[in-house]
Each structure stands twice: as structure tokens, then as C-alpha cells.
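Visitor: Residue numbers (the UniProt record's numbering), protein chains in the order written: chain X, 1 to 382; chain S, 1 to 382. Where a beta carbon is used, it is the ideal one built from N, C-alpha and C, also for glycine.
There are 2 protein chains.
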Amino acid sequence: MSNQPKHTLTLIPGPIEFDDAVLESMGHPSISHTTTGFAEVFGETLKLLRTLFFATDKKSQPFLLAGSGTVGWDLAGTNLVENGEKVLVLNTGFFAEAWGNSLRALGAEVTEIKPEIGDVPDMAEIEAALKANKYRAITITQVDTSTGVLTDVKKIAELVQRVSPETFTFVDGVCSIAVEELRFDDWKLDFVLTGPQKGIGAPAGLSISFASARAIEFLNTRKTPTGAYFLDMKRWIPIMQAYEGGKPAYFSTPAIQNVYALRTSLQQYATSASSVEQRWKENAKVSDRVKNEIEGLGLKLVATSRSHGAHGLSCVYLPEKVQLGDFLGEMLKNNIQLAGGLVQPVANRYFRIGHMGVSAFKYGHIDYLLEVLPKVMAQLNK
Amino acid sequence: MSNQPKHTLTLIPGPIEFDDAVLESMGHPSISHTTTGFAEVFGETLKLLRTLFFATDKKSQPFLLAGSGTVGWDLAGTNLVENGEKVLVLNTGFFAEAWGNSLRALGAEVTEIKPEIGDVPDMAEIEAALKANKYRAITITQVDTSTGVLTDVKKIAELVQRVSPETFTFVDGVCSIAVEELRFDDWKLDFVLTGPQKGIGAPAGLSISFASARAIEFLNTRKTPTGAYFLDMKRWIPIMQAYEGGKPAYFSTPAIQNVYALRTSLQQYATSASSVEQRWKENAKVSDRVKNEIEGLGLKLVATSRSHGAHGLSCVYLPEKVQLGDFLGEMLKNNIQLAGGLVQPVANRYFRIGHMGVSAFKYGHIDYLLEVLPKVMAQLNK
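(1) Out of X:V346, X:S274, X:P248 and X:A378, which one is the CA nearest neighbour of X:I294?
(2) Let me know if X:G37 comes out buried or exposed under the rule of 16 or more other beta-carbons within 10 Å of its beta-carbon.
(3) Any beta carbon of chain X sitting closer than 8 Å to that of S:T258?
(4) Pairs of beta-carbons, one from the segment 248-255 of chain X and one from the segment 29-49 of chain X, closer than 8 Å: are there three or more?
(5) Taking the Cβ atom as the reference point for each residue, do X:I353 and X:S314 lie within a distance shorter than 8 Å?
(6) Indicate the three-state DSSP secondary structure (helix, strand or coil) for S:Q379 in the structure shown.
(7) Would you call the CB atoms of X:T111 and X:A137 closer than 8 Å?
(8) Going by C-alpha to C-alpha distance, which of S:Q344, S:A242 and S:L369 sits closest to S:N334?
(9) So, S:V120 versus S:I140, is the Cβ gap smaller than 8 Å?
(10) Using 8 Å as the threshold, is the segment 210-230 of chain X in touch with the segment 47-66 of chain S, meaning 3 or more CB pairs across them?
(11) Are there three or more Cβ pairs, one per stretch, closer than 8 Å when the segment 171-191 of chain S is compared with the segment 64-82 of chain S?
(12) Alpha carbons only, please: which of X:Y363, X:G27, X:L301 and X:N381 is nearest the one belonging to X:S146?
(13) Between which residues of its own chain and X:D144 is the CB-CB distance below 6 Å, once the five residues before and five after are set aside?
(14) Can you tell me which residues form a DSSP beta bridge with X:S252?
(15) Give a yes or no on contact between the segment 51-60 of chain X and the segment 203-218 of chain X, applying the rule of three or more CB pairs nearer than 8 Å.
(16) Let me see if you follow: with CB-CB separation under 8 Å, is X:E97 close to chain S or not?
(17) Could you tell me if X:D20 is buried or exposed, where buried requires 16 or more neighbouring beta carbons within 10 angstroms of its beta carbon?
(18) Can you pull the chain S neighbours of X:L130, defined as C-beta to C-beta under 7 Å?
(19) State the DSSP-derived secondary structure class of S:M1, mapped to helix, strand or coil.
(20) List, in chain order, every chain S residue whose beta-carbon is nearer than 7 Å to that of residue 408 of chain X.
(21) Using a Cβ-Cβ distance under 8 Å, would S:L193 count as near chain X?
(22) Identify which residue in X:F18, X:R263, X:H33 and X:S287 has its Cα closest to the Cα of X:K362.
(23) Quick one: which chain X residues come within Cβ less than 8 Å of S:E17?
(24) S:T271: which of S:G296, S:K47, S:L328 and S:H33 sits nearest, CA to CA?
(25) What residues of chain S sit near X:S287, judged by a beta carbon separation below 8 Å?
(26) Where do the N-terminal and C-terminal ends of the alpha helix (DSSP H) with X:E295 fall, by residue?
(27) If you compare alpha carbons, which of S:A76, S:T151, S:H308 and S:V22 is closest to S:N101?
(28) List the endpoints of the continuous alpha helix (DSSP H) containing X:I156.
(29) What do you reckon, are the CB atoms on S:N258 and S:L332 nearer than 8 Å?
(30) Specify, as a first and last residue, the run of the alpha helix (DSSP H) that X:R235 falls within.
(31) Any idea what DSSP makes of S:K198, helix, strand or coil?
(32) Does the distance from the C-beta atom of X:I117 to that of X:V346 stay below 8 Å?
(33) Below 6 Å CB to CB, which residues in the same chain sit around S:A303 once its five sequence neighbours on both sides are set aside?
(34) Does X:L26 have its Cβ less than 8 Å from a Cβ in chain S?
(35) Give me the DSSP bridge partner(s) of X:R352.
(36) Taking C-beta pairs closer than 9 Å, name the residues in chain X that S:A105 reaches, listed in chain order.
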């Protein structure tokens with residue numbers, strides 16, 4: 001078979017395969033975290049993140065911490081919601097639901113809107129909920145990695161501003177940033193979090209987020225202390241501002257090598273608004289191609305409509321007679337690691353493909369996948 | 001000059017210079033965090049950490065999270081101390097004091113014992129404090145990176161067990177693990193935290209800690225919920241136990257490449273109790289050599305006695321006529337990055353040298369430092 005890869009390709013919806021230059025940056029020699037040299041690298045990374053998030057308004061505050069995507073949930077729930085306040089959670093899958101659980105653990109009172117698996121939340125239902133109660137925040141998981149459902153952040157943010165403008169709009173962009181359109185400033189979002197290991201294309205180990213001016217203001221006016229230390233946004237603001245100005249500052253040692261790798265990846269496509277927009281378009285093109293092939297094989301996507309299908313991954317129901325373990329095993333024999341389903345009760349009835357980053361745009365991994373997939377499916381479907 | 005290095009040597013007390021093989025592991029190709037392959041790597045890393053911490057009792061629970069050393073403070077303060085409970089903090093420097101601040105932020109009532117700069121806490125004073133109040137925990141910063149003071153963890157842990165056995169013994173081992181003697185099980189410690197970027201010899205980006213059986217039991221008997229999510233130890237226990245058994249589990253995506261690098265470093269010296277003990281001895285030897293040279297130059301250490309001087313770093317007062325900026329600048333001209341002081345009011349009167357890991361044992365960086373240091377000192381002291 002052509003394109004046979006040298007190592008097992010990680011074509012799950014993250015961590016994705018990384019660019020060689022990004023992996024090389026992970027091996028950057030040691031450097032003191034309090035030197036101007038490193039502060040400048042950190043500062044450049046924050047500026048590239050502003051471009052990526054369309055958060056160039058200086059009042060929008062980036063946070064880049066050692067941690068994971070989950071840490072972003074904690075930052076939101078710890079800092080921007082007070083104990084006992086209400087949060088409206090749009091539950092479009094395993095991760096959207098887990099965010100709700102994190103908010104509950106951190107003290108919020110959570111109400112869920114939960115569409116059928118594969119569907120998006122109903123706008124009228126959101127509007128009714130926002131009118132019935134005063135919510136501190138609404139959470140939107142732009143792409144739920146478990147279902148491949150893309151939720152319309154822009155439309156929902158507009159609705160919030162119309163019917164409940166005091167409610168914060170929180171967005172989980174873990175599986176969407178650098179893949180789906182998101183404009184932090186223009187859409188008036190209050191908190192967006194992500195991790196580096198999906199669309200962004202750098203190894204896991206960092207928490208990346210932006211808070212709006214009014215979210216930062218809330219930190220000064222909230223009635224109770226956050227009760228946090230590492231997760232206290234107020235402790236990080238002067239550090240991030242110093243770094244962004246190219247000046248060293250210290251609160252807690254950053255994941256230095258991971259920051260170098262993140263910068264290398266962002267330098268490849270996040271240097272201007274138009275190059276980020278170009279990447280969204282390219283992601284959509286690759287996604288269409290994969291989904292066309294999948295539907296051409298007679299397979300059904302978990303997302304109930306193409307219009308709300310994510311562009312960085314595809315979640316696909318297996319034919320009835322094919323077992324998930326058999327399918328993943330056969331793909332693995334062809335050096336392709338895919339992921340199983342996550343949402344009950346259908347978790348063992350579907351699989352997930354990630355088609356982001358270098359696999360989609362540079363190294364031909366998706367070409368190879370699209371050669372292998374029909375053969376394996378035909379073999380198992382016999 | 002012989003030994004002239006090719007790049008600026010980071011000879012601060014962490015992050016230290018890394019082994020080439022460790023940096024190479026940071027560039028490990030992508031792998032799914034939920035494969036058996038990665039679970040086995042994670043599991044092996046946890047077992048090596050057990051050897052390093054002398055925490056081989058299966059009831060002692062390791063935690064390896066994406067994050068930083070600071071996250072260990074948060075784990076202790078969030079999980080093992082309830083709101084309003086008393087903690088006795090032994091303040092031997094900037095980091096010991098910051099740990100106290102973190103405990104206050106997380107809701108504890110902190111009492112400090114603060115010796116003179118460079119000195120260790122008085123045992124009689126600790127005993128009196130433990131008898132006067134019921135403390136949930138005592139914190140010991142085994143080596144304070146700001147002063148180079150080594151506190152006698154074993155002796156204090158014995159005292160706690162004698163006069164206040166219900167008090168937890170917490171240890172910050174950020175600048176001591178893999179350098180100073182520490183025996184988690186034998187010394188009956190309750191929580192020890194560290195990071196990878198100092199004695200351990202791997203890049204920053206991970207939080208490493210161990211909790212005792214009774215600390216874990218406390219999680220089930222505490223009167224109030226932790227109010228935490230990412231920092232909730234109970235959520236991590238099943239994940240760590242699965243990994244240690246070589247089985248995949250998921251709560252939050254680990255810093256995969258950092259775990260590979262940590263494993264590589266641990267494989268070099270933490271494969272048996274005797275090889276860890278050997279490393280402690282070697283560290284002491286290198287430290288003695290550096291401190292002899294320093295005192296031979298007529299310079300004074302911040303630690304007021306060799307008997308409580310740390311073995312992984314040396315904090316050294318400058319001669320009166322030498323300015324800190326001038327000294328660090330001259331060292332930098334010789335491709336050596338050292339660190340300034342941190343503790344007020346003497347922060348600008350001393351400098352800090354890290355002599356851990358490959359710089360001490362493998363790449364001859366300390367030999368080079370000991371060539372440069374007298375020349376720079378003579379030049380500035382003219």
C-alpha cells in the first residue's frame with residue numbers, strides 16, 4: 001500500500017501528530033525562566049495566541065499555564081463564578097457534561113440543556129432558560145470531542161447579549177481552536193479555554209485561555225475570595241502582562257520546553273488574521289473530504305447534520321455487524337490509531353477520527369487513512 | 001580557557017541543564033494517552049518515582065500531574081487541610097514563606113516559625129508550638145531554593161510523631177528530591193511534593209507528589225468537600241492506580257512528552273535504592289567541593305553552617321564592593337547563567353549556583369564554573 005507510515009499514526013481527535021519542528025522545539029536546551037530571553041519567547045507566544053483567538057484588544061487577558069485543558073474549566077469555575085451561583089450548561093457530549101460536573105464540584109448550581117446525541121441545543125430552549133433564571137454564566141463546548149458536534153458559538157453569544165447581557169459566555173475550545181471560526185473580541189466572549197494538543201498542534205501540558213475585560217473586572221468585585229492559589233487568575237495577571245511586555249516575572253515555574261514548542265507551532269499559521277482564517281477554510285475542506293468518503297461507504301456520522309458537524313474530527317457509527325474492538329484492531333494493524341466512542345449508551349457503536357494539523361495538511365496521513373478505511377471496512381463487513 | 005561551553009550554561013538552582021537523552025525524549029512522537037503503550041510508560045515512571053522517594057509501600061500514593069511544583073502546594077492545602085484548620089509553617093526562606101501564603105489563600109490558619117536568614121528552625125520552638133496548639137499539618141521545606149538552607153526532615157518528623165502524632169508532616173522537596181536523603185515510608189511523612197526540573201533532571205511542566213495511607217484516608221473522612229476539581233486528589237487516585245497497573249485511564253490529558261522525559265531521567269539513577277543513595281553521596285561530594293572553593297575565595301555562604309547547607313545549590317554573599325548585576329553579567333560573558341538572591345533585605349547581596357544533575361556528574365559544567373568563578377571574582381574585587 002502506498003503512503004505506508006513508519007510509525008503508528010495517532011489519528012485520534014487529540015493529541016494529534018506533531019510537526020517535526022514542533023517536536024524538535026520540545027527538546028530546547030535548558031534556559032532560566034527568569035531571563036529576558038525566555039520572557040521574550042513567552043511574550044511572542046502570547047501575541048501569537050491573541051492572533052489565533054482574535055483577541056487583540058489589550059483588555060482581553062491571555063493565560064498560559066502549565067497544566068491541561070481541564071485546568072481551564074477550573075479557572076472559569078473558581079474565578080468567574082461564586083459559590084452557589086447558577087450556570088447554564090449546554091450538554092452536547094461527554095466533555096460538555098464533564099464541564100458541568102467540574103462547575104458543580106467548584107460550587108456552582110448547574111442547569112443542563114441536553115439535546116439528543118449528535119444534535120445541537122435548541123435556541124428557543126436556551127432563550128427560555130436565560131429568561132427564566134439569572135445565570136452567572138452559560139457554557140458552550142464549541143466542539144464536543146466525544147460526538148463531533150459543532151455548536152454555534154456566535155449565534156448563542158448574540159442571544160445571551162440580547163436576553164441576558166449580564167451572563168458570562170464561557171467557551172470550551174479544546175477541540176475547536178485553530179479549526180473552527182472563533183472571534184473572542186468581536187463575539188464578546190468572556191472566557192475561552194483550550195489545550196495545545198489538538199488543532200493548535202503542540203504537545204499536551206499547557207492550559208491556554210482568554211478572559212474578557214469584564215471577566216477580569218469581576219475578579220475585583222466578586223463578593224467572596226476565590227479560595228485558590230495556583231488557580232487564582234489575579235496572581236497570574238501581572239505575570240502574563242510582564243511576559244507579554246518581554247519582561248521576566250515569577251509566580252510558578254512555566255513548562256519552558258512546552259512553551260517553545262507551542263510557539264513553533266503557532267509561528268506556522270497564526271502570524272496573521274488571514275492565515276488563521278485560511279486554516280479554518282482548509283480544515284473545512286479536509287473535513288468535507290473525509291465525511292464524503294465516510295458517507296460514500298454508507299456509514300452514518302454521529303452529528304445529525306453536516307451543518308453542525310465539527311471540522312477537526314469525524315465521529316462515525318459502525319455497521320451493525322462490525323465490533324468496535326475488531327475495527328480499531330484492524331486499523332492498528334495498518335499503523336493507524338483511531339479512538340472509540342465515549343458517549344453512552346452508544347460508546348461501543350462508533351469510532352472517532354481526528355483530522356487536524358500536519359496529518360491533514362502536511363504529512364499525507366489523511367490520504368493514507370482514506371486508503372485504508374474502505375479496505376478494512378469491506379473486510380470486516382463481509 | 002578550557003571547557004568553554006558551546007551554549008550558555010543554566011547553572012541556577014533549577015531548571016538545571018538536561019541530559020541529551022532526556023531532551024530527546026521530550027520530542028517523543030505523538031501517542032494516544034489512552035493506549036496500553038503509554039499507560040505502561042506512565043506506570044514505569046510511577047514505579048521509578050516510588051524508588052526515588054523510598055515510597056515502595058503500596059499504600060503510599062503517587063500523583064503525577066501536568067502542572068508545576070506549586071501545584072503540589074495546592075494539592076496539600078486543598079485536600080489535606082480543611083478550612084480554618086491550623087498549619088505550622090517552618091519559614092526558612094522565600095519558598096517556605098510562599099507555601100504559607102498558599103495555605104492561607106486556600107483557607108488555613110497559618111502560624112510561622114521563622115529563624116534568622118540562613119539558619120534552621122529551633123527544635124525546642126517547634127516542640128513548644130506543637131504542644132501549644134493542635135495543628136492539622138506542619139510544613140517543612142527540605143531545601144529552600146532561596147537560601148540553600150537544608151532542614152532536617154527526619155528529626156522534625158520524629159518530633160511530630162512524638163509530641164503531636166495526629167499532625168500531618170508535609171515536605172516541599174522541590175529543590176531536594178534526588179539530592180538529599182528522604183525516605184517517605186520510613187520517616188512516616190504524609191505528603192511530599194516536587195517538580196522535575198531540579199535534582200530529578202527533567203524539564204518543568206509536571207507536579208510530582210506522594211501521599212501517605214492516612215492522608216488518603218483523610219480524604220474520605222474530612223468534614224467538608226474539597227471544592228476542587230482538577231486539584232481533587234480523589235479524582236486522580238483511580239487514574240494513578242490504573243496507570244501503575246499498566247492500564248489506561250482518563251481524567252485529564254497528561255503531559256505525555258514530559259512524562260517520557262521524566263522516565264528517561266529516572267532510568268539513569270532511580271532504578272534501585274542503592275543507586276539513589278549513591279546519588280545523594282555524589283551530590284554531597286560535588287557540593288563540598290564547590291563550597292570549599294567558595295570559602296577558599298574568602299566568600300561566605302548564606303547557610304550559617306555547613307551542617308545545614310543544601311547539597312544541590314550554594315547561596316553565596318558577594319564581597320561588599322561587588323555589585324550583583326556586575327557579577328552576574330561577567331559570569332554571563334563566560335556563558336554561565338547564575339541566579340541572584342531572593343530573600344529580603346539581602347536579595348541583592350548574594351548569588352545562587354545550582355550544582356545538580358548532568359552539570360555536576362556528567363558534562364563537566366561545574367569544573368568549568370570553578371575555573372571561571374575565581375577569575376571573575378578577582379577581576380571585580382580589584
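Guide: For this structure:
(1) Along the first sequence, one-based indexing puts residue 294 of chain X at 294. Checked all of X:V346, X:S274, X:P248 and X:A378; the closest Cα to X:I294 is X:A378.
(2) Here residue 37 of chain X refers to the residue found at position 37 when the first sequence is read from its first residue. That one is exposed.
(3) On the second sequence, position 258 is the one that residue 258 of chain S refers to. Residue identity differs from the one stated: residue 258 of chain S is Asn in this sequence, not Thr. Taking Cβ atoms only, chain X reaches closer than 8 Å to S:N258, which makes this a yes.
(4) Because the criterion of three Cβ pairs below 8 Å is met, the segment 248-255 of chain X and the segment 29-49 of chain X touch.
(5) As a working note, residue 353 of chain X is residue 353 in the first sequence. As a working note, residue 314 of chain X is residue 314 in the first sequence. In contact: X:I353 and X:S314 (Cβ atoms closer than 8 Å).
(6) Numbered from 1 along the second sequence, position 379 holds the residue referred to as residue 379 of chain S. In the structure shown, S:Q379 sits in a helix (DSSP, three-state: H, G or I).
(7) Within the first sequence, numbered from 1, the residue matching residue 111 of chain X stands at position 111. Within the first sequence, numbered from 1, the residue matching residue 137 of chain X stands at position 137. No. Outside cutoff.
(8) For the purposes of this step, residue 334 of chain S is taken as residue 334 along the second sequence, with counting starting at 1. Of S:Q344, S:A242 and S:L369, the residue nearest in Cα terms is S:L369.
(9) In the second sequence, residue 120 of chain S corresponds to position 120, counting from 1. In the second sequence, residue 140 of chain S corresponds to position 140, counting from 1. Against a cut-off of 8 Å, the Cβ pair of S:I140 and S:V120 comes out as no contact.
(10) no
(11) yes
(12) Residue 146 of chain X sits at position 146 when you count from the first residue of the first sequence. When each option's Cα is compared against that of X:S146, the closest is X:L301.
(13) As a working note, residue 144 of chain X is residue 144 in the first sequence. Around X:D144: T92, G93, F95 and A96.
(14) By 1-based counting over the first sequence, the position of residue 252 of chain X is 252. Per DSSP, none; premise fails for X:S252.
(15) yes
(16) Counting from one through the first sequence, the residue named residue 97 of chain X turns up at place 97. Not one chain S Cβ lies under 8 Å of X:E97.
(17) Here the question's residue 20 of chain X lines up with position 20 in the first sequence. Flag for X:D20 reads exposed.
(18) Taking the first sequence and counting its residues from 1, one reaches residue 130 of chain X at position 130. Near X:L130 there are no residues of chain S at all, since even the closest Cβ is about 25 Å away, more than 7 Å.
(19) On the second sequence, position 1 is the one that residue 1 of chain S refers to. Low per-residue confidence applies at S:M1: pLDDT is 49, beneath 50, and the placement is therefore not dependable, though the value from the model is reported in the following sentence. Coil at S:M1, not helix or strand.
(20) There is simply no residue 408 of chain X to check, as chain X begins at 1 and stops at 382 in what is shown.
(21) Here residue 193 of chain S corresponds to residue number 193 of the second sequence, with the count starting at 1. So no, S:L193 is outside the interface.
(22) The residue labelled residue 362 of chain X in the question sits at position 362 within the first sequence. Closest by alpha carbon: X:F18.
(23) Locating residue 17 of chain S in the second sequence gives position 17, where the first residue counts as 1. Here the neighbours are P29 and S30.
(24) As a working mapping, residue 271 of chain S is identified with position 271 in the second sequence. Taking only the C-alpha atoms, the option nearest S:T271 is S:K47.
(25) Position 287 of the first sequence, counted from the start, is the residue given in the question as residue 287 of chain X. Residues of chain S passing the Cβ test: none, with the nearest at roughly 20 Å.
(26) On the first sequence, residue 295 of chain X is found 295 positions in, with the first residue counted as 1. Counting along the chain, the alpha helix (DSSP H) containing X:E295 begins and ends at A273 to G296.
(27) Along the second sequence, read from residue 1 onward, the residue named residue 101 of chain S stands at position 101. Here the closest residue by C-alpha is S:A76.
(28) Looking up residue 156 of chain X in the first sequence gives position 156. Its alpha helix (DSSP H) spans residues V153 to V163.
(29) Within the second sequence, numbered from 1, the residue matching residue 258 of chain S stands at position 258. Within the second sequence, numbered from 1, the residue matching residue 332 of chain S stands at position 332. Taking 8 Å as the Cβ cut-off, S:N258 and S:L332 do not qualify as a contacting pair.
(30) In the first sequence, counting from the first residue as 1, residue 235 of chain X sits at position 235. Counting along the chain, the alpha helix (DSSP H) containing X:R235 begins and ends at M233 to E244.
(31) Within the second sequence, numbered from 1, the residue matching residue 198 of chain S stands at position 198. In the structure shown, S:K198 sits in coil (DSSP, three-state: anything other than H, G, I, E or B).
(32) Within the first sequence, residue 117 of chain X is the residue found at index 117, counting from 1. Within the first sequence, residue 346 of chain X is the residue found at index 346, counting from 1. It is a contact, given that the beta carbons lie within the stated cut-off.
(33) Locating residue 303 of chain S in the second sequence gives position 303, where the first residue counts as 1. Counting only Cβ-Cβ distances below 6 Å, and skipping sequence neighbours, we find G118, G148, V149 and G309.
(34) By 1-based counting over the first sequence, the position of residue 26 of chain X is 26. A small fix is needed here, since residue 26 of chain X is Met in this sequence, not Leu. For X:M26, the answer is yes, since a Cβ of chain S falls inside 8 Å of its Cβ.
(35) Sequence index remark: in the first sequence, residue 352 of chain X carries index 352 (1-based). X:R352 is bridged to X:C315 and X:A339.
(36) By one-based count along the second sequence, residue 105 of chain S stands at place 105. By Cβ distance, chain X contributes P225, T226, G227, A228, Y229, D232 and R235.
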